[in-house]
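K.L.:
In case it helps, UniProt numbering puts the sequence shown at residues 1 to 302.
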Amino acid sequence: MAVKIINKTVTDFSLRVTRCFFVPTKTIHSNVALFQDNLDTSLTSIEVNRSPLPIISSRKLAFPPKFKVPRQVWVSNMDTVEEEKLGLIDLHPEVFADRPRMDIIHENVRWQQLYRHVSYAHTKMRYEVRGGGRKPRPQKGSGRSRHGSIRSPIWVGGGIVHGPRSPTSYFYMLGFNARLNGLRSTLSAKLAQDDLQVVDSLDIPTDDPKYLETLIEERGWGPSVLFVDDNDIMPLNITAASDGFGHFNLMPVYGLNVYSMLKHSTLVLTLAAVERIEERILFHLNRNDAAQAASKYRLDNF
1 MAVKIINKTV
11 TDFSLRVTRC
21 FFVPTKTIHS
31 NVALFQDNLD
41 TSLTSIEVNR
51 SPLPIISSRK
61 LAFPPKFKVP
71 RQVWVSNMDT
81 VEEEKLGLID
91 LHPEVFADRP
101 RMDIIHENVR
111 WQQLYRHVSY
121 AHTKMRYEVR
131 GGGRKPRPQK
141 GSGRSRHGSI
151 RSPIWVGGGI
161 VHGPRSPTSY
171 FYMLGFNARL
181 NGLRSTLSAK
191 LAQDDLQVVD
201 SLDIPTDDPK
211 YLETLIEERG
221 WGPSVLFVDD
231 NDIMPLNITA
241 ASDGFGHFNL
251 MPVYGLNVYS
261 MLKHSTLVLT
271 LAAVERIEER
281 ILFHLNRNDA
291 AQAASKYRLD
301 NF
């Protein structure tokens, strides 16, 4: 009798423990459904709270061309890994649809490579070579040639005439029109090769480098990307996410150049950057005082 009572007590205790640690299947499904409803509600709220894209597809272009059709590109987002087409914008054909001049692009690349190149090759002249203070032989009587020092350039081990002297700078100033047309040609080539992307902003939801790497891989933007914004103070998340990568770089509009655009596979511009680039390039293409403004930068004025 005592054994039966003990067995019943153990069985009741086991059932109570089981009920404490295990939840019925119906309750689990109801919790999952509740979580799914909350998730859908949060996603809906995110989509509603996203700032609407400015309607700039019908914007009035400055200095509209008479015989060229504006180019159109999609504007995408960066707050999700999956690409979302947010709208179309018009690009000025004088800036983004010019005929690429390979010779002008090469001039700009060569100029940028040389203006930061300094040669440190150095040779010593006769007064810098060690030794040679006394006259090697008498002036007369020996029947040999006259010499005043063994460090003369005609002696072995003597000074070098017309040798390289360090530091030697290879800087020269490329013409303003060549620099301006180089930007137009490079931007046009990037757009023609489908290597130019436009985004609404550079804001990303996290500073995790893996997110930025996954986003670029998902979009197919290539191994190296150059992000250009209107302001030199970039968003914190993309600054921290791209800090560990040497092939993902950030640049303001005023630093945009031909060499950097060609060095990266993909050029990503924000809407503000597109506006600023068109404003500055079109201003210089249509200004009437170009010769007067460039006169103070001529080298013969110094």
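All C-beta atoms, glycine included, are put in the ideal place defined by N, C-alpha and C.
Using 8 Å for Cβ pairs, my map puts residue 75 next to residue 199. What's the rounded Cβ distance?
P.N.:
So it is a contact: roughly 7 Å between Cβ atoms.
K.L.:
Considering only the beta carbon of each residue, do residue 213 and residue 81 sit closer than 7 Å?
P.N.:
No, Cβ-Cβ distance for residue 213 and residue 81 is not below 7 Å.
K.L.:
Grouping DSSP H, G and I as helix and E and B as strand, with all else coil, what is residue 123?
P.N.:
Note: residue 123 maps to coil in three-state DSSP.
K.L.:
Output the distance between the C-alpha atoms of residue 166 and residue 135, rounded to the nearest integer angstrom.
P.N.:
Going from the Cα of residue 166 to the Cα of residue 135 covers about 30 Å.
K.L.:
State the Cα-Cα distance for the pair residue 103 and residue 109, rounded to the nearest angstrom.
P.N.:
Their backbone Cα atoms lie some 10 Å apart in a straight line.
K.L.:
Report the rounded CA-to-CA distance for residue 269 versus residue 284, giving the unit in angstroms.
P.N.:
Straight-line Cα distance between these residues: approximately 21 Å.
K.L.:
Buried or exposed for residue 159, please, with buried defined as at least 16 other CB atoms from any protein chain shown within 10 angstroms of its CB.
P.N.:
It counts as buried.
K.L.:
Per DSSP, which one or two residues make a beta bridge with residue 96?
P.N.:
Answer is none; residue 96 lacks a bridge partner.
K.L.:
Secondary structure at residue 155, three-state DSSP: helix, strand or coil?
P.N.:
Looking at residue 155 - three-state DSSP - the assignment turns out to be coil, as it is neither helix nor strand.
K.L.:
Give me the DSSP bridge partner(s) of residue 168.
P.N.:
In the DSSP output, where bridge partners are listed per residue, residue 168 has 119.
K.L.:
Within a Cβ cutoff of 7 Å, which residues of the same chain sit near residue 288, ignoring the five residues on either side of it in sequence?
P.N.:
Closer than 7 Å at the Cβ level, and outside the excluded window around residue 288, lies no residue.
K.L.:
Can residue 203 and residue 164 be called in contact, C-beta distance under 7 Å?
P.N.:
No, Cβ-Cβ distance for residue 203 and residue 164 is not below 7 Å.
K.L.:
Pick helix, strand or coil for residue 252, following the three-state DSSP scheme.
P.N.:
Strand, per DSSP.
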